[in-house]
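Since the structure comes first, as structure tokens, the remarks are kept for the end.
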Amino acid sequence: MSKPVEVNDDNFDQMVLQAKTPVLVDFWAAWCGPCRMVAPIVEELAGEYEGRVSFTKLDVDQNPRTASKYGIMSIPSLIIFKDGSPASNLVGFRPKADLKRSLDDVLG
Amino acid sequence: MVDREYDVIIIGGGPAGLAAGLYTARARRRSLLLERAAAGGWIMNAELVENYPGFPQGINGLELADLMSEQAKKYGLEVLLAEVTGLELEGERKVIKTAEGDFTARAVIIASGSDRVKLGVPGEEEFIGRGVGYCALCDAAFFREVPVAVVGGGNAAIDDALHLSKFAVKVTVIHRRQQLRATTILQERAFAEPKIEFRWDTVVAAIEGGAKVERLRLRNVRSGEESTLDVSGIFVALGSTPNTGYLKDILPLDASGAVITNEKMETGVPGVFAAGDIRASSIRQVVAATGDGATAAVYAEKFVVEQGRH
Chain A
399 MSKPVEVNDD NFDQMVLQAK TPVLVDFWAA WCGPCRMVAP IVEELAGEYE GRVSFTKLDV
459 DQNPRTASKY GIMSIPSLII FKDGSPASNL VGFRPKADLK RSLDDVLG
Chain B
-9 MVDREYDVII IGGGPAGLAA GLYTARARRR SLLLERAAAG GWIMNAELVE NYPGFPQGIN
51 GLELADLMSE QAKKYGLEVL LAEVTGLELE GERKVIKTAE GDFTARAVII ASGSDRVKLG
111 VPGEEEFIGR GVGYCALCDA AFFREVPVAV VGGGNAAIDD ALHLSKFAVK VTVIHRRQQL
171 RATTILQERA FAEPKIEFRW DTVVAAIEGG AKVERLRLRN VRSGEESTLD VSGIFVALGS
231 TPNTGYLKDI LPLDASGAVI TNEKMETGVP GVFAAGDIRA SSIRQVVAAT GDGATAAVYA
291 EKFVVEQGRH
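Heads up: the sequence lines are chains A and B, in that order. Residues 399 to 506 in the numbering used here are what the first sequence spells out, letter by letter. Residues -9 to 300 in the numbering used here are what the second sequence spells out, letter by letter.
Written as structure tokens, this is what we have:
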């Protein structure tokens, strides 16, 4: 199983916005229960979509610049970036089927 | 390769399910717990659990969830990430269908808890993630020095208001009645917090704004008088409803959708037990959920033993 890669304010542009494939960013924080609940689902999806979508996570507590740029007001927020901009945004805990649907939509 | 045949399968990984798994695993029954997310359940949303005996300083909900999970796994409980898609509960071997394939068990303990109640007013869906929230503990830090509101009058609402008061400039609790349902000690703390204000006999009629939430339309349920309240955030804490959508026509449910059980946690179907928040007349407390889980596990174990004698 491939684990999501940690991204931060400094490498967000390079790792996410400049990426050739779609990138899912899991905006999370240590104190957030639903973030913890969704994490193993995101890890499974990272395995299932390997090579087609990159999976990353961003700690909003450590990286307020990026969180604020994308107007994050609720976590977990799972945003899928395609060609440098958000193509899909899922807020709060969602079952795996919902996340798959969003990923498939973005992949077209 | 995952095993497919178990003595006991538990659906739901909150305190009720984890306690049940601890007991069935220690009874050396092959036990599997199915959970659609990380195990832990509702307590993962609690900053500090102060009413679970044994922790005089209180314990963080995430930490308590981890400890319960670790304890049950230590004795052999298997935990699998899988959402249940169907159940066949009649017959000796009960079939549980999931996205990860089918599993069978002699006894089933249903502990899939409850889901949050939504407000159901215009603007709620539209502003989710843009000022409308359901987890104050997760999101309070995004509301520094701005006014926010909490809807509800129970423990969850008052916990939320107290947590938000550490960040927000003002927290208005909107409650449809004239007094709170929350535990007295929480009420005392809320009344003593100068940042917390109350709007009694009041309901939210609509949530309005532009890119983000800007104001609430309120209505007094006694006078009918309408007013507006400027806020940047609104947290919905109206309690929870039993997560039994997938059990309709399978188990006897009460009018609120909760599973009806007897004092042994038996449902109407032999070998099928229910525990925790999902159960009719549950007080929805961790201490009660773990008690239910243990009771269900003991009688599930007895059922499996007796079935083996035939």
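Beta carbons: idealized from backbone N, C-alpha and C, even for Gly.
8 Å Cβ cutoff, residue 129 (chain B) in contact with chain A: By one-based count along the second sequence, residue 129 (chain B) stands at place 139. At a cut-off of 8 Å, the C-beta of residue 129 (chain B) has a neighbouring C-beta in chain A.
Chain-ordered residues of the segment 436 to 447 of chain A with a beta carbon less than 8 Å from chain B: So the close ones are 436, 437, 438, 439 and 442.
Within the segment 415 to 500 of chain A, ranges of the beta strand (DSSP E) (whole runs, at least 3 residues): Complete beta strand (DSSP E) runs here, min 3: 421 to 426, 452 to 457, 475 to 480 and 483 to 489.
The segment 200 to 217 of chain B contacting the segment 234 to 246 of chain B, beta-carbon criterion three pairs below 8 Å: The segment 200 to 217 of chain B and the segment 234 to 246 of chain B do not touch, with fewer than 3 CB-CB distances between them shorter than 8 Å.
Exposure of residue 493 (chain A), with buried meaning 16 or more beta-carbon neighbours within 10 Å: The count along the first sequence starts at 1 and reaches residue 493 (chain A) at position 95. It counts as exposed.
Touch test, the segment 143 to 150 of chain B against the segment 446 to 453 of chain A, Cβ-Cβ under 8 Å, three pairs minimum: Too few Cβ pairs lie closer than 8 Å, so no.
Min CB distance residue 103 (chain B) to chain A below 8 Å: The residue you call residue 103 (chain B) lines up with position 113 of the second sequence. So, not an interface residue.
Cutoff 7 Å; reference residue 183 (chain B); Cβ partners in own chain excluding five residues on either side: Taking the second sequence and counting its residues from 1, one reaches residue 183 (chain B) at position 193. Excluding five sequence positions before and after residue 183 (chain B), the CB atoms of its chain that fall closer than 7 Å to its own CB belong to 152 and 155, given in chain order.
8 Å Cβ cutoff, residue 432 (chain A) in contact with chain B: Against the first sequence, residue 432 (chain A) aligns to sequence position 34. It does; some Cβ of chain B falls within 8 Å.
CB contact flag (residue 69 (chain B), residue 261 (chain B), <8 Å): Reading the second sequence from its first residue, position 79 is the one you call residue 69 (chain B). Reading the second sequence from its first residue, position 271 is the one you call residue 261 (chain B). No.
Cross-strand partners of residue 210 (chain B) (DSSP beta bridge): Reading the second sequence from its first residue, position 220 is the one you call residue 210 (chain B). DSSP lists B:192 as partners of residue 210 (chain B).
C-alpha gap between residue 403 (chain A) and residue 467 (chain A), whole angstroms: Your numbering for residue 403 (chain A) matches position 5 in the first sequence. Your numbering for residue 467 (chain A) matches position 69 in the first sequence. Between residue 403 (chain A) and residue 467 (chain A), the C-alpha separation is close to 20 Å.
Residues of the segment 116 to 143 of chain B with Cβ closer than 7 Å to any Cβ of chain C, in chain order: Of the protein chains in this structure, namely A and B, none is chain C.
Neighbour flag for residue 34 (chain B) against chain A, beta carbons, 8 Å: On the second sequence, residue 34 (chain B) is found 44 positions in, with the first residue counted as 1. So yes, residue 34 (chain B) belongs to the interface.
Test: residue 204 (chain B) CB closer than 8 Å to a CB of chain A: What you label residue 204 (chain B) is simply residue 214 of the second sequence in a count that begins at 1. Closer than 8 Å: no.
Beta-carbon proximity list for residue -9 (chain B), same chain, < 7 Å, skipping 5 on both sides: The residue you call residue -9 (chain B) lines up with position 1 of the second sequence. Low confidence applies here, because residue -9 (chain B) scores a pLDDT of 42, under 50, leaving its location unreliable and the question unanswered by this model.
C-beta atoms of residue 443 (chain A) and residue 505 (chain A) nearer than 8 Å: Your numbering for residue 443 (chain A) matches position 45 in the first sequence. Your numbering for residue 505 (chain A) matches position 107 in the first sequence. No Cβ-Cβ contact shorter than 8 Å links residue 443 (chain A) with residue 505 (chain A).
Identified DSSP bridge partners for residue 232 (chain B): Here residue 232 (chain B) refers to the residue found at position 242 of the second sequence. Bridge partners of residue 232 (chain B): B:104.
Where residue 226 (chain B) sits in the DSSP three-state scheme: Stepping through the second sequence from its first residue, residue 226 (chain B) is reached at position 236. If DSSP states are grouped into helix, strand and coil, residue 226 (chain B) belongs with the strands.
Short Cβ contact (8 Å threshold) for residue 265 (chain B) with residue 6 (chain B): Taking the second sequence and counting its residues from 1, the one referred to as residue 265 (chain B) is at position 275. Taking the second sequence and counting its residues from 1, the one referred to as residue 6 (chain B) is at position 16. Judged by their CB atoms, residue 265 (chain B) and residue 6 (chain B) are nearer to each other than the 8 Å cut-off.
Three or more C-beta pairs below 8 Å linking the segment 25 to 44 of chain B and the segment 54 to 71 of chain B: Yes, the segment 25 to 44 of chain B touches the segment 54 to 71 of chain B.
Cβ of residue 109 (chain B) within 8 Å of any chain A Cβ: As a position in the second sequence, residue 109 (chain B) is number 119, starting the count at 1. Not one chain A Cβ lies under 8 Å of residue 109 (chain B).
Proximal chain A residues relative to residue 27 (chain B), where beta-carbon distance stays under 9 Å: Counting from one through the second sequence, the residue named residue 27 (chain B) turns up at place 37. Near residue 27 (chain B) (Cβ distances below 9 Å), the residues of chain A are 432, 434, 435, 436, 437, 438, 439, 491, 493 and 494.
Contact with chain B by residue 470 (chain A), beta-carbon distance below 8 Å: By one-based count along the first sequence, residue 470 (chain A) stands at place 72. Residue 470 (chain A) counts as touching chain B.
For residue 137 (chain B), three-class secondary structure by DSSP: On the second sequence, position 147 is the one that residue 137 (chain B) refers to. If DSSP states are grouped into helix, strand and coil, residue 137 (chain B) belongs with the strands.
Three-way DSSP call (helix, strand, coil) for residue 31 (chain B) in this model: As a working note, residue 31 (chain B) is residue 41 in the second sequence. The answer is helix: DSSP assigns residue 31 (chain B) an H, G or I state.
Stretch pair the segment 409 to 429 of chain A + the segment 6 to 18 of chain B: three plus CB contacts closer than 8 Å: With a cut-off of 8 Å, the segment 6 to 18 of chain B and the segment 409 to 429 of chain A do not count as touching, because too few Cβ pairs lie within range.
Nearest-angstrom beta carbon gap, residue 200 (chain B) and residue 117 (chain B) [assumed within contact, 8 Å]: Here residue 117 (chain B) refers to the residue found at position 127 when the second sequence is read from its first residue. Here residue 200 (chain B) refers to the residue found at position 210 when the second sequence is read from its first residue. The beta-carbon separation of residue 117 (chain B) and residue 200 (chain B), rounded to 10 Å, does not stay under the 8 Å limit for a contact.
Three-way DSSP call (helix, strand, coil) for residue 160 (chain B) in this model: Residue numbering aside, residue 160 (chain B) sits at position 170 when the second sequence is read from its first letter. If DSSP states are grouped into helix, strand and coil, residue 160 (chain B) belongs with the strands.
Closest by C-alpha distance to residue 106 (chain B), when choosing among B:259, B:74, B:72 and B:141: Locating residue 106 (chain B) in the second sequence gives position 116, where the first residue counts as 1. When each option's Cα is compared against that of residue 106 (chain B), the closest is B:141.
Nearest neighbour of residue 50 (chain B), chosen from A:499, A:473 and A:429 [CA to CA]: Indexing the second sequence from 1 puts residue 50 (chain B) at position 60. Considering only A:499, A:473 and A:429, the residue with the shortest C-alpha distance to residue 50 (chain B) is A:429.
Short CB-CB distance (under 8 Å) between residue 23 (chain B) and chain A: In the second sequence, the residue the question calls residue 23 (chain B) occupies position 33. No, residue 23 (chain B) lies away from the interface with chain A (no Cβ there is under 8 Å from its Cβ).
Below-8 Å beta-carbon distance, residue 253 (chain B) vs any chain A residue: Within the second sequence, numbered from 1, the residue matching residue 253 (chain B) stands at position 263. So, not an interface residue.
Inter-stretch contact at 8 Å, needing at least 3 Cβ pairs: the segment 123 to 130 of chain B / the segment 204 to 212 of chain B: No, they do not touch.
CA nearest to the CA of residue 129 (chain B), picked from A:411, A:470, A:478 and A:423: As a first step, residue 129 (chain B) must be located in the second sequence, where it is residue number 139. Among A:411, A:470, A:478 and A:423, the Cα nearest to that of residue 129 (chain B) belongs to A:470.
Cβ neighbour criterion (16 or more within 10 Å) applied to residue 295 (chain B): To locate residue 295 (chain B), count along the second sequence from 1; it is residue 305. Residue environment: residue 295 (chain B) is assigned as exposed (fewer than 16 neighbouring CB atoms within 10 Å of its CB, all protein chains considered).
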